[in-house]
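For the sequence shown, the working numbering begins at 1 and goes up steadily by one. Glycine included, each C-beta is placed from N, C-alpha and C at the ideal position.
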Amino acid sequence: MGRYIDHILQPGENVLYSTNAHWIFYLSAIGLWIVAAALFGLSQTIVSRTPALICLSVAAIAAVAAIYKMLKAWFHRWTTETDVTNFRVVHKTGFIKRRTFEMSLDKVESVDVNQSILGRLLNYGDVTVRGVGEGAETISTIASPLDFRNHITAR
């Protein structure tokens with residue numbers, strides 16, 4: 001299974017820039033792994049059997065939740081593509097239920113970038129592409145949103 005953009009390129013169309021969902025999607029899984037490791041370490045220092053088993057049980061639950069969150073974040077990043085070609089902007093999400101957004105660069109009216117403080121520090125944000133007569137589409141939590149915007153607006 002190749003990339004979506006490779007299947008829809010028109011003759012003479014080239015990919016100028018590609019980005020993806022930011023790694024921040026893994027943050028909840030990372031937090032759960034830290035909790036699981038801390039509880040496991042705590043269970044090893046407790047002398048009494050019952051509290052140690054409770055710590056191990058909660059650590060196991062946190063580890064299972066971390067695996068679920070990690071797989072969910074990976075799947076989201078794997079099934080999301082955001083590209084700029086010399087003709088259009090293309091954004092695709094989903095695997096079985098696919099949602100795509102495509103807008104000709106000639107129809108782009110403005111590109112707005114919204115970043116939080118953490119987004120500025122870690123280089124992620126939301127990009128809203130407004131088109132003439134086509135409405136607006138927001139692409140959430142993408143990596144390098146300013147580079148993405150610059151590739152759309154630079155002609």
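For residue i, the residue or residues it bridges with in DSSP
| i | result |
| --- | --- |
| Thr85 | Val15 |
| Arg99 | Thr93 |
| Ile139 | Val127 |
| Asp147 | According to DSSP, which records beta bridges pairwise, Asp147 is partnered with nothing at all. |
Helix, strand or coil at residue i according to DSSP, with G and I counted as helix
| i | result |
| --- | --- |
| Ala65 | helix |
| Thr80 | coil |
| Asn20 | coil |
| Lys107 | helix |
| Arg3 | coil |
| Leu133 | Sequence inspection shows Gly at residue 133; the Leu mentioned does not correspond to that position. It is coil, neither helix nor strand. |
| Asn123 | coil |
8 Å contact criterion, which residue i and residue j should meet: CB distance rounded
| i | j | result |
| --- | --- | --- |
| Asp126 | Ser140 | 5 Å |
| Val90 | Ile152 | Actually they are not in contact, since the Cβ atoms of Val90 and Ile152 sit about 11 Å apart, beyond 8 Å. |
| Val15 | Ile5 | 6 Å |
| Ile30 | Leu122 | Actually they are not in contact, since the Cβ atoms of Ile30 and Leu122 sit about 13 Å apart, beyond 8 Å. |
| Phe40 | Ala59 | 4 Å |
| Glu81 | Met103 | Not a contact, Cβ separation roughly 15 Å. |
| Leu42 | Ala62 | So it is not a contact: roughly 12 Å between Cβ atoms. |
| Phe148 | Thr19 | 5 Å |
| Lys128 | Asp112 | Note on identity: in this sequence residue 128 is Thr, with Lys being the wrong assignment. Yes, Thr128 and Asp112 are in contact; Cβ-Cβ is about 4 Å, under 8 Å. |
Beta-carbon proximity list for residue i, same chain, < 7 Å, skipping 5 on both sides
| i | result |
| --- | --- |
| Thr79 | Thr93, Gly94 and Phe95 |
| Glu13 | Thr85, Asn86 and Phe87 |
| Ser110 | Arg130 |
| Ala73 | Phe25, Tyr26 and Ala29 |
| Lys69 | Ser28, Ala29 and Leu32 |
| Val178 | There is no way to answer for residue 178, as the model of the chain reaches only from 1 to 155. |
Other residues of its chain near residue i: CB distance less than 8 Å, five sequence neighbours each side excluded
| i | result |
| --- | --- |
| Gln10 | Phe87 |
| His22 | Leu122, Asn123, Tyr124, Thr141, Ile142 and Ala143 |
Beta-carbon contacts of residue i that lie in its chain and below 6 Å, excluding the five residues immediately before and after
| i | result |
| --- | --- |
| Leu118 | none |
| Val166 | Because the chain here runs from 1 to 155, residue 166 falls outside it and cannot be looked at. |
| Tyr17 | Val84 and His151 |
4 or more residues per run - each alpha helix (DSSP H) lying fully within the segment 22-75: 27-45
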